[in-house]
Structure formats: C-alpha cells, structure tokens
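All residue numbers for the sequence shown refer to the working numbering, where the first residue is 53 and numbers rise by one. Cβ coordinates follow ideal geometry from the N, Cα and C atoms, glycine included. In what follows, a structure is listed as structure tokens, so that the remarks can point back to it.
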Amino acid sequence: MDLEHALELAGQLRDAIAAEVERARDERRLLRALDAAGLFARAAQRGEFLAEVARLERELATALGRAASALGLAEVTLERLRLRVPREGEALARVLSEVRALAGALREIDALNLQLAGRALSCVRGYVQAVRPAPLAYDRRGLRAAQPALALVSSKG
C-alpha cells in the first residue's frame, strides 16, 4: 500500500536529516581550524543532501497523494489519515514530528555555524591586513591611501 511506502520514505527523510545534523555539528571543527578544503567538501556534501531531501519530499508527496486516492480522501491531512487508518496514520504523524524536530535542530546548528563562519572571516581578514597592511596616510607615490591610483596609458608608440 502507498501509505506504508510513504511511511518508509518519511523514515528515510528523518534518517537523512539526522545524519546531516551530525555532519553540521562536525562543521564547527572545520570552521575553527579554518580548513578551506574541508569546508568546500562540506559544501558539496550539503548540496548532495539538499538534492536527496528534495527527491524524498517529492516521492513522499506522490505516495501520500496515491494513499489518499486509495482511501477515498480528497485531501491528505494527518488527521484524516488517522481517522481512516489509525495505526499507520499515527506512525506517520510520529515520524513527521521527528522530521520537524530534526529540521529545527539543523536550523539552529546552521545559525551557529553561520556565526562561527563570520568570526572565521574576521580572523582571516585580520591576518591578511597584518601581512599586507594598507597605508594609512600616503602611499609610495604620494597619493592619499583612500584614493585609487589612476593609470595613464599613452597611445603614442
């Protein structure tokens, strides 16, 4: 039955998000170490995760639509599923509740990682400024530091 398939897909979605929560927690280590290669690899992993979640969501929506049609429901809601098939409807509601909780946890971890990334960026900018400081008053050409240097090009050979 399509409802069992929907329940299986919801479980896969829950497991995928739970795995991503763990990977997102590990991302903090990469940010603290300023591991650029690791962060690029992590970004690729996130892209793969998002594609997988989108696929699972599409399949879940299709399975729920088929289940609703098989049960004679015009619209799919958890409440209506619970009334028609209490055991499967309750199991689906429980799994989707876990998905919502994990998605909220992932959102919080991503917000923290964004703050850490901002701090890492400030740190890197500080390093670059220390290694290659900009002149505060005048540069070696006698121009003000805030003014961009203009280049003159001669058209005569």
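Within the model, the alpha-carbon separation for Arg136 versus Asn165 is close to 43 Å. In summary, Arg110 is exposed, with fewer than 16 beta-carbon neighbours lying within 10 Å of its beta-carbon over all protein chains present. Excluding sequence positions up to five before and after Gly90, its CB lies within less than 6 Å of the CB of Leu82, all in the same chain and listed in chain order. Ala115 and Ala93 have their C-alpha atoms roughly 33 Å apart. The Cβ-Cβ distance between Val151 and Gly63 does not fall below 7 Å. In the pairwise beta carbon analysis, the stretch 68-85 is classified as touching the stretch 153-167: at least three pairs are separated by under 8 Å. Within the same chain, Ala115, Arg118, Ala119 and Ala122 come within 7 Å of Asp54 by CB-CB distance, once the 5 residues on both sides are set aside.
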